[in-house]
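Notes follow the structure.
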Amino acid sequence: MSRLDDPLDPKGETVQRIEVITGGGERRRRWSDDEKAEAVEESLQPGMVVSQVARRRGLTPQQLFTWRREAREKAAASDGVPFAPVVVEPRGTASAALPPERKAVAVRPHVIELDVDGASVWIWRDADLDMVTAIIDVLKARP
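Each number in the working numbering comes from the position in the sequence shown (counting from 1) with 3 added on.
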């Protein structure tokens, strides 16, 4: 028996088909953003069933639901800058509330106090840049 013979083939027949799998063992398929968007768009059409769309595209329904959630979150984040309510006190009111020595102690090092035309704004170190910019623009635009 040679090494080419299949010792497990009881009938002694030769192998008709050999399938070679390449790819270095990577099991994950990489999906482009366009492919993800197409799948999400298709699954959102009226009358479409997510599991059927996923099966047609070689996905699991869980993967498609994840892409739909991510698209929803991305759309919600790009809808606009969230605003925080701002209370503008007359000039001198905020600084009169604390004596100067106490005010210096009360300011935390991870907070920046910004005075824009008499309105004080406290900005935390990890504040969203778009939100801070929008608040400053609103304060500058007020009469």
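Glycine is no exception: its CB is placed at the ideal position from the N, C-alpha and C atoms.
Nothing here was measured: the structure is a model prediction, and the numbers come from that model.
Per DSSP, what kind of secondary structure is residue i in: helix, strand or coil?
i, result
"Ala36", "The question names Ala, but residue 36 in the sequence shown is Asp. Three-state DSSP puts Asp36 in a helix."
"Ala2", "Nothing about residue 2 can be reported from this structure: the residues present for the chain run from 4 to 146 only."
"Glu116", "strand"
"Val135", "helix"
"Val89", "coil"
Just the C-alpha distance for residue i and residue j, rounded to the nearest angstrom, thanks.
i, j, result
"Lys143", "Ile115", "18 Å"
"Val110", "Val89", "Residue placement at Val110 is poorly supported in this model, since its pLDDT is 49, which falls under 50; the coordinates still yield a value, given next. Approximately 19 Å, taken between the alpha carbons."
"Asp131", "Gln65", "31 Å"
"Met51", "Arg32", "24 Å"
"Gly61", "Trp34", "11 Å"
"Glu41", "Thr136", "35 Å"
"Thr63", "Thr69", "10 Å"
Which same chain residues end up closer than 8 Å to residue i when comparing Cβ atoms and leaving out the 5 residues on each side of it in sequence?
i, result
"Ser46", "Val53, Val56, Ala57, Leu67 and Arg71"
Which same chain residues, not among the five before or five after residue i, have their C-beta less than 6 Å away from its C-beta?
i, result
"Val91", "Ala122"
"Val23", "none"
Who are the near neighbours of residue i in its chain, counting only those whose CB is closer than 7 Å to its CB and skipping five residues on each side?
i, result
"Val119", "Ile139, Leu142 and Lys143"
"Pro49", "none"
So residue i packs on residue j, CB below 8 Å; how close in whole Å?
i, j, result
"Val43", "Ala74", "5 Å"
Of all the CB atoms in chain C, is at least one closer than 9 Å to the CB of residue i?
i, result
"Trp127", "Absent here is chain C; the protein component of the structure consists of one chain."
query: Taking the runs of the alpha helix (DSSP H) that are 4 residues or longer, which of them lie wholly in the region 57-86?
result: Listed in chain order, the complete alpha helix (DSSP H) runs (minimum 4 residues) inside the region 57-86 are 64-81.
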